[in-house]
Structure formats: structure tokens, C-alpha cells
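The numbering of the sequence shown is numbering that gives the first Met the number 0, which starts it at 0 and goes up by one.
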Amino acid sequence: MPFGSARAQTVDAAQRIAEAANSFLASLDDAQRRRALIAFESENRLDWHYIPRNRSGLGLGEMQPAQAAAARALFASVLSDEGLRLLDGVRLLEAVLREQQGSFRDPGRYFVSVFGTPGRFPWGWRFEGHHLSLNVTLPAAGHVAVTPFFAGAHPATVSDGPHRGFRLLGRSEDLARQIMASLTAPQRQAAIIADRSFGEIVASPQRERDLGQPRGLELAAMNGTSSALVDALMDRFLGTLAPDLVAAQKRRVMEQGIAAFRFAWAGSLTPGEAHYFRVHGPVTVIEYDNTQNGANHIHAVWRDLAADFGRDALADHYRRQPHR
């Protein structure tokens, strides 16, 4: 896709996202709006996490139905139907945990924060709670950043009750296992970077530098079957976005050069045992770890090491238009 076409689509997306954010804010009363609105320059904007903790913003459980619908329209301005199902699935699993562990697990404790003024660059918003952090930043015209984007699943497989058998992130695991099965023995050996899983994603908050250089099997060394499976795995993450934003993100991946990407695995290849995998390029990283709770607790994240929170475009914006 030509650069100009992708940029035009991103400009259209920016307008759509701003309109949805303004509609959401307009649905709130004054007290709620004060809770939801945070200065773009606030350190809070970069303070993302996926553990249960107190959060700023306005919780879904504090919203009236029309307000919650406006919040969902905001999410839909960035996400595809698959992305919305991911958000719903994370909160469904929080309800499953509530049945198992008690009321401190609460699907209403997922919070919307709007940073800055929608439509006036730079600005952004976040939707976050236990096992979920979606960070959307519009640093300048023609730029929409959507990372860090974290989603977790606990339990990874629901064992009983009305949702028995539900695997929110199961397709990603299945594709990664298919990739490993499709490799030759020497390729599989090159892909395995550790005999044991790491117990956590490496690119957790403030730790992305711990990733180091890409390790594992070069994607360029894979045959067509393996390469197609990696594409499908990456689409599980990129495909959570609205189609116009997917186009821009795929272009970004291609610009890095497929030869620079590697696929890595750590841990057991036996289903039901602790394992980890990632796709790692110069700036794009997709990670998945399933170690905790007897390998029934997934952490997965999509990072852009240059453009998380719109950093690359934001730096350029400030160079062109110094803020005082």
C-alpha cells in the first residue's frame, strides 16, 4: 500500500477517534468528566500496568448504560470486532475469577482515562484494568499509536461452569505450536532460546530494554508454511485493530524488513506445561508467556519499542512545535 494512502486512512481514523472521545466526555456529568480527564503531560499517562491495583480515570462500573455505550464506541473507534471481543473476554474472565476468589475481582473496575483534549494534538486515551492495558496516543496529525497493548487470560482455559472450555488467547498458543511443529529439527533448535519459560513477559512496564537484540530463528529462514503461520500469529494481535489502523501497522512491520524479525520459544513443547514465545523485530515485539498457576495464566503484550505512547512522532512534534 502506498505511504500516502496509509497516511490518509490514519488521518481519517484520528478524526473518528476524536469524535468518539468527545462524545464519551459529553455523556458524563461534571464530576465524572473531572475523573476521566487528565493532563497529557501527566506522568500518569505512561504509568501503565496489568496487575490489580488502584487506577485513575472513570470505571465502567461507575457509568450509566448510555455512558458505558459511549465508552464502547470509543473502543470501537480503534478496535475491530475481534478487538472488542478481546476486551469483553478479559472482563468475562475477571467475572470467572470473582466467582472463584471473591468480590475484589470486579469486571466494573476497568477504567477510561482521556489525556489532553481530543482533537488537539497531542492527546490520547487509555482503557485499563486487571489483565488489560490499551494505550492510544495521537501525537500529531496522521499518527495513531496503539501500544503498549496488553491482554491476559486467567484462567487460560476455563475448567468448569457456564464458560467451560473458553480459551481467550488459545488461538495464539495453537498457532505458535503449529509454527514449532512446522520447523525442521535444526530450525526448532535455533528457535528455542531457553529450556524453561521466563515466568513473565520480558517487555513488562519499564523493562522493555531487557529484551536486548532479537533472538531465535530468523523468519527469512522459514519455509512458506512456517512463514504463513507467523503471519497468522501476528494477525492475532494486529487484527485487533480497525482495518485502517491495521494497514498502517502492517506497513510499519514491512518497513522493518522481514529479515530482521525472529521467532523465539522458551520452555516446554508439551501442551499444558509452562511455555513462552515471541516475535521480535527491530521495534515491533509480540510476547506471550503461560507459566503461572500451572501454565493456566497467560500474559501477552504487543510493544513498539520506538513508538509506544507515540514517542517517535511526539518527539518530532515537539521539535517542530516547541512547548513551553
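By construction, the Cβ of each residue, glycine as well, lies at the ideal position given by its N, Cα and C atoms. Here the structure is a predicted model, which means the values were calculated and not measured.
Sheet register partners of residue i (DSSP bridge)
i           : result
residue 262 : 216 and 278
residue 136 : 123 and 144
residue 250 : Beta-bridge pairing links residue 250 to no other residue.
residue 301 : 148 and 285
residue 128 : 131
residue 271 : In the DSSP output, where bridge partners are listed per residue, residue 271 has none listed.
residue 112 : 125
residue 96  : Answer is none; residue 96 lacks a bridge partner.
residue 83  : In DSSP, residue 83 forms no bridge with anything.
residue 78  : 240
Three-way DSSP call (helix, strand, coil) for residue i in this model
i           : result
residue 159 : coil
residue 22  : helix
residue 50  : coil
residue 57  : strand
residue 36  : strand
residue 27  : coil
residue 295 : coil
residue 309 : helix
residue 9   : helix
residue 255 : helix
residue 71  : helix
residue 64  : helix
residue 164 : coil
residue 315 : helix
residue 15  : helix
residue 90  : helix
residue 104 : coil
Best match in the options for proximity to residue i [C-alpha to C-alpha]
i           : options               : result
residue 329 : 89, 46 and 183        : With the chain running from 0 to 323 in the structure shown, residue 329 is simply not present.
residue 312 : 138, 164 and 209      : 138
residue 215 : 207, 242, 228 and 187 : 187
residue 219 : 208, 271, 253 and 237 : 253
residue 17  : 97, 176, 113 and 287  : 113
residue 189 : 53, 98 and 265        : 265
residue 229 : 207, 173, 247 and 211 : 173
residue 317 : 120, 81 and 22        : 120
residue 86  : 234, 132, 267 and 96  : 132
residue 53  : 90, 129, 80 and 25    : 129
residue 163 : 95, 320, 72 and 288   : 95
residue 175 : 309, 99 and 269       : 269
residue 271 : 76, 263, 296 and 247  : 296
residue 72  : 23, 88 and 233        : 23
residue 225 : 30, 178 and 93        : 178
residue 327 : 84, 206 and 51        : A query on residue 327 cannot be resolved here, the shown segment of the chain reaching from 0 to 323 and no further.
residue 262 : 213, 143 and 59       : 213
residue 267 : 198, 211 and 248      : 198
residue 49  : 26, 304, 77 and 108   : 108
residue 44  : 57, 320, 236 and 115  : 115
residue 324 : 142, 274, 246 and 239 : Outside the displayed span of the chain (0 to 323) sits residue 324, for which this structure offers no information.
residue 217 : 241, 192 and 14       : 192
Check whether the region 97-108 touches the region 271-279, taking contact to mean three or more Cβ pairs, one atom from each stretch, closer than 8 Å. no
Looking at C-beta atoms only, is the number of pairs between the region 39-52 and the region 60-75 that lie closer than 8 Å three or more? no
Across the region 243-258 and the region 157-174, are there enough close Cβ pairs to call them in contact, namely three or more that are closer than 8 Å? no
Could you name each continuous beta strand (DSSP E) segment of 3 residues or more that falls completely within the region 166-248, going from the start of the chain to the end? 191-193
State whether the region 147-156 contacts the region 164-178, with contact taken as three or more CB pairs (one from each stretch) at a distance under 8 Å. yes
State whether the region 185-205 contacts the region 288-308, with contact taken as three or more CB pairs (one from each stretch) at a distance under 8 Å. yes
Quick one: any contact between the region 111-127 and the region 283-299, if contact means 3 or more CB pairs under 8 Å? no
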